[in-house]
Amino acid sequence: AERERKDLQGIRKLARERAKKANLHNKKLRDCRAHLNDNKPGAKGDRRLDTTLFITEGDSASGSITKSRDVNTQAVFSLKGKPLNSYGLTKKVVYENEEFNLLQAALNIEDGLDELRYNNVVIATDADVDGMHIRLLLITFFLQFFPELVREGHLYILQTPLFRVRNKKETRYCYTPEEKNTAIQDLGPRPEITRFKGLGEISPDEFKHFIGNDIRLEPVMIGRDLTSGDLLEFYMGKNTPKRQEFIIENLRVEKNLEEEFFN
10 AERERKDLQG
20 IRKLARERAK
30 KANLHNKKLR
40 DCRAHLNDNK
50 PGAKGDRRLD
60 TTLFITEGDS
70 ASGSITKSRD
80 VNTQAVFSLK
90 GKPLNSYGLT
100 KKVVYENEEF
110 NLLQAALNIE
120 DGLDELRYNN
130 VVIATDADVD
140 GMHIRLLLIT
150 FFLQFFPELV
160 REGHLYILQT
170 PLFRVRNKKE
180 TRYCYTPEEK
190 NTAIQDLGPR
200 PEITRFKGLG
210 EISPDEFKHF
220 IGNDIRLEPV
230 MIGRDLTSGD
240 LLEFYMGKNT
250 PKRQEFIIEN
260 LRVEKNLEEE
270 FFN
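Quick note on numbering: my numbering labels position 125 of the sequence shown as 134, and the sequence is numbered without any gaps.
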């Protein structure tokens, strides 16, 4: 245990040095002006609770959010692909994995939440199987190493529309098939229907509506009777019947949307 502690100290030191250098030229982070841990009074301080870090995957998605965000309160951290599955790993991986280390540094949570830089940490991925997997891997990372971020209500999933229904006079963005069907009835007889397959397909002009005043965020919560370990075991552990049923149900939702749209 003593050797492991010393190894971790050495890795932390190297990681901090790397993070300091990266902060000067970090292409992953597009920061905002205000931060939750700002102590200065005035306009920036007044918006501290609005501060948000969007965690995205891929250049097209991060590009859309970056171009449409509020630069005062909204920052973007761009992943280069699926993050490492950290389930069952020790905290050493947070320092050895460059992406995790940079994310930890961007949030400023190495030593706890006292100096957390953003009030809202928002996972923004595509609503497909790959996107769901990235969500799960990121939730695993936070539950494994920073469960208090989740317990204190800082972690969210960004809800984005699945469909756009429009005629010459009106455009409706629909988050469910039910909303789409209602819009088709209201905007008939033959409105144009678009199925958004990924965040990168939504233009910056449209995206600003989804991360502005009408933003829809789904909180990631741990029930009172559950520990973060319980949740991790359920989602990332062995293939129990309950876990298989959960995965099948969630994959079926995506499949049903595809079938309903194209049939």
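Beta carbons are placed, not taken as given, at the ideal position from N, Cα and C, and that holds for glycine.
Pick out whichever of the options has its Cα sitting closest to the Cα of residue i.
| i | options | result |
| --- | --- | --- |
| Phe205 | Phe109, Ala136, Asp47 and Cys41 | Ala136 |
| Ile202 | Pro213, Glu179, Ile220 and Asp223 | Glu179 |
| Tyr127 | Lys101, Ala84 and Pro156 | Ala84 |
| Ile166 | Ala133, Val138 and Asn176 | Ala133 |
| Phe151 | Asp214, Leu98, Asp223 and Ile220 | Leu98 |
| Glu242 | Leu145, Asn106, Arg78 and Thr75 | Leu145 |
| Asn94 | Lys100, Leu88, Asp120 and Leu147 | Leu147 |
| Gly121 | Phe109, Glu157 and Ala70 | Glu157 |
| His218 | Gly90, Ser73, Thr236 and Asp123 | Ser73 |
| Arg225 | Pro186, Asp239, Tyr182 and Thr236 | Tyr182 |
| Asp139 | Ala114, Asp123, Leu116 and Gly207 | Gly207 |
| Ser69 | Asn106, Leu62, Phe216 and Tyr184 | Phe216 |
| Asn222 | Pro213, Thr191, Asp79 and Ser87 | Asp79 |
| Thr149 | Thr236, Asn48, Cys41 and Gln18 | Thr236 |
| Asp123 | Gly209, Asp214, Gln18 and Asp47 | Asp47 |
| Lys18 | Lys100, Asp40 and Pro213 | In the sequence under discussion, the amino acid at residue 18 is Gln, which differs from the Lys named in the question. Cα-wise, what sits closest to Gln18 is Lys100. |
Pop quiz: residue i and residue j are said to be a contact at Cβ under 8 Å. What is the actual Cβ separation, rounded to whole angstroms?
| i | j | result |
| --- | --- | --- |
| Thr60 | Leu45 | 5 Å |
| Tyr96 | Gln153 | 7 Å |
| Pro200 | Ile211 | Not quite, the Cβ-Cβ distance comes to about 18 Å (not below 8 Å), so this is no contact. |
| Pro92 | Ile143 | 7 Å |
| Val159 | Val229 | 6 Å |
| Ser9 | Ile220 | Outside the shown range of the chain, which is 10 to 272, sits residue 9, and nothing can be said about it. |
| Ala43 | Thr75 | The Cβ separation is near 17 Å, so there is no contact. |
| His163 | Leu111 | That pair is no contact at about 18 Å. |
| Leu62 | Leu116 | 7 Å |
| Gln168 | Glu227 | 6 Å |
| Leu88 | Ile64 | 7 Å |
Exposed or buried, what is residue i when buried is set at 16 or more other beta-carbons lying within 10 Å of its beta-carbon?
| i | result |
| --- | --- |
| Gly197 | exposed |
| Pro170 | buried |
| Gly67 | buried |
| Ala52 | Confidence in Ala52 is poor, its pLDDT being 48 and thus under 50, which makes the residue's placement too unreliable to answer from. |
| Asn129 | buried |
| Gln113 | buried |
| Thr185 | exposed |
| Gly54 | Interpretation of Gly54 is limited by its pLDDT of 49, a score under 50 that renders its predicted location unreliable; the figure taken from the coordinates is listed afterwards. Exposed. |
| Lys177 | exposed |
| Lys22 | exposed |
Let's see if you can read the secondary structure: which residues bound the beta strand (DSSP E) around residue i?
| i | result |
| --- | --- |
| Pro228 | Arg225 to Pro228 |
| Ser87 | Gln83 to Leu88 |
| Asn129 | Asn129 to Ala133 |
| Ile74 | Per DSSP, Ile74 belongs to no beta strand (DSSP E); it is in the alpha helix (DSSP H), Asp68 to Ser77. |
| Ile166 | Leu164 to Gln168 |
| Thr180 | Thr180 to Cys183 |
| Val174 | Phe172 to Arg175 |
| Ile202 | Glu201 to Arg204 |
Which two residues bound the contiguous alpha helix (DSSP H) that contains residue i?
| i | result |
| --- | --- |
| Arg160 | Pro156 to Arg160 |
| Tyr104 | Lys101 to Glu105 |
| Leu208 | Here Leu208 belongs to no alpha helix (DSSP H), and DSSP marks it neither H nor E. |
| Glu187 | Pro186 to Leu196 |
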